[in-house]
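Worksheet: the structure to be examined is printed underneath.
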Amino acid sequence: MPFYSVKTSIPLDENTKKSIVINLTKITTNLLTIVAPDKIQVILQTLDRNNLARGGVVLSDQYFSTKSRFYNSNYNESYFEGTNMHENLLTVELDLWEGFSDKQKGLLGEKISSYFKEIFCISGDNCLILIRDMKPVNWIQNGIAGDHLEFLNESRKF
1341 MPFYSVKTSI PLDENTKKSI VINLTKITTN LLTIVAPDKI QVILQTLDRN
1391 NLARGGVVLS DQYFSTKSRF YNSNYNESYF EGTNMHENLL TVELDLWEGF
1441 SDKQKGLLGE KISSYFKEIF CISGDNCLIL IRDMKPVNWI QNGIAGDHLE
1491 FLNESRKF
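Here the numbering used here is used: the first residue of the sequence shown is 1341, the next is one more, and so on.
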């Protein structure tokens, strides 16, 4: 079962949040066909720009574009060649029941990355996706662990 945690500096209005939730659900169910939509959980968080960083530089730094892209230990060579600009960061953490192939997880990561790059017009290096395998026993819903034979039926009781 997939659990998404999306953290970003991008302000998210109600319609954008709804769009993210439905699109993550559709992308996931299309690529991982055994996953039921009702078992996909999503948390969305907008964080202050001072709470997100890369390369030792907080997002609110006016030179973030250059300084966050230094690739040597002398901090004098950046792969950024443009003018410093206002940027946003987005992190997607996905805890997923083990059993999916690396190919499936890679394709899922590609689709999610493409989706966020398109809707928010952010560069690819500003979108980080972390996928962690989870044992089904560690997913407990309605007091029933995911490895229980009747998990799907029992977890849906309310």
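From the three backbone atoms N, C-alpha and C, an ideal C-beta is built for every residue, glycine too.
Secondary structure in the region 1372-1424: the alpha helix (DSSP H) runs of 4 residues or longer, each lying completely within the stretch, are 1404-1407 in chain order.
In this structure, F1460 sits near L1430, with a CB-CB distance shorter than 9 Å. Leaving aside the five residues that flank I1383 on each side, the residues in its chain whose CB is nearer than 6 Å to its CB run, in chain order, S1345. Beta-bridge partners of V1432 (DSSP): V1346, I1469. Annotation for F1440: L1372 place their beta carbon closer than 7 Å to its own, counting only its chain and skipping 5 residues before and after.
Between the alpha carbons of Q1402 and H1426 lies a gap of roughly 8 Å. S1418 and F1410 have their alpha carbons spaced roughly 4 Å apart.
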